[in-house]
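Q: Per my numbering, the sequence shown starts with residue 39, numbered consecutively. Glycine residues also receive a C-beta, built at the ideal position from the N, C-alpha and C atoms. Here it is, the structure, as structure tokens.
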Amino acid sequence: MAKTIRELVTAYFEAHPNEELSHDPVVDWVTEQYLKEHDNPPRDPWRVIRQLHQKGQLIKVRTGVYKYDPDYVHEVELFEFSARAKEAILARDNYRCVVCGRGREDGVTLTVDHIVPKDKGGTNTLENAQTLCSQHNLMKKNYSQTEAGKRYFIKMYETAVANQDEKMIAFCRAVFDVYDEHGVDLQIARPDAEE
């Protein structure tokens, strides 16, 4: 019987206990093994690696590097908001996406989202929750690097203000304008909003 991508990834890590492994050799080996029994290459083996980490099967050493420690393995309960908490969050946010303001009456599906993701240390509290439409929830999941980018430009802006670097201040403001124009990461306040 053909092995799944998860079974292959697990087999590779189990064959290399306590070794710090980057994605590349794991993905290469999994792809090679998978193609022996399938016509098409495996889809996203690196995602399976991340999922195994989220479930407590692998230890994340640093970005893109994981290890399997047979003595560490444990099941992690991936928590979700309770139905009662979801209703409280939706009500608090007036049943509207906090990014675009659309609600169910606009024909959009609303989701309750962890502001700081669970796998990055986010808690299951109301303060770490927001209402997003399905479009902005998907955008957040697929484009989380835009959030990191905006935070980077906020730090750059703050440094430019401290150094009175008018050219860099103007550049950062132009970047913030682009974020605003395209409605990206509006939940992260511009540092120049009150100036």
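#1: Only counting the same chain, and skipping five residues up and downstream in sequence, which positions put a Cβ closer than 7 Å to that of V213?
#2: Between the Cα of R122 and those of E75, N162, V136, spot the shortest distance and give me the residue it belongs to.
#3: Can you tell me where the beta strand (DSSP E) with I127 in it begins and where it stops?
#4: Which residues in the same chain as V65 place their Cβ atom closer than 7 Å to its Cβ, once the five residues preceding and following it in sequence are excluded?
#5: Helix, strand or coil for C210, going by three-state DSSP, please let me know.
#6: Kindly list the residues whose CB is nearer than 8 Å to the CB of I97, restricted to its own chain and excluding five residues on each side of it in sequence; keep chain order.
#7: Excluding the 5 residues flanking L46 on each side, which residues of the same chain have their C-beta closer than 7 Å to its C-beta?
#8: According to DSSP, S60 sits in a beta bridge with which residue or residues?
#9: On the DSSP bridge assignment, give the partners of G141 in chain order.
A: On the basis of the supplied data:
#1: Position 175 of the sequence shown, counted from the start, is the residue given in the question as residue 213. Cβ neighbours of V213 beyond the five flanking positions: F191.
#2: Counted from its first residue, the sequence shown places residue 122 at position 84. Closest option to R122, Cα to Cα, is N162.
#3: Taking the first residue of the sequence shown as 1, we reach residue 127 at position 89. Careful: I127 lies outside any beta strand (DSSP E), inside the alpha helix (DSSP H) at 121-130.
#4: Mapped onto the sequence shown, residue 65 falls at position 27. Within its own chain, the residues whose Cβ lies closer than 7 Å to the Cβ of V65, once the five positions on either side in sequence are excluded, are P83, W84, listed in chain order.
#5: Position 172 of the sequence shown holds residue 210. Residue state, collapsed to three classes: helix.
#6: For the purposes of this step, residue 97 is taken as residue 59 along the sequence shown, with counting starting at 1. For I97, where only same-chain residues beyond five positions count, the Cβ hits under 8 Å are H91, Y104, K105, Y106, D107, Y110.
#7: Taking the sequence shown and counting its residues from 1, one reaches residue 46 at position 8. So the qualifying residues of the chain are V68, Q71, Y72.
#8: The residue labelled residue 60 in the question sits at position 22 within the sequence shown. Answer is V103.
#9: Along the sequence shown, one-based indexing puts residue 141 at 103. Paired residue(s): R134.
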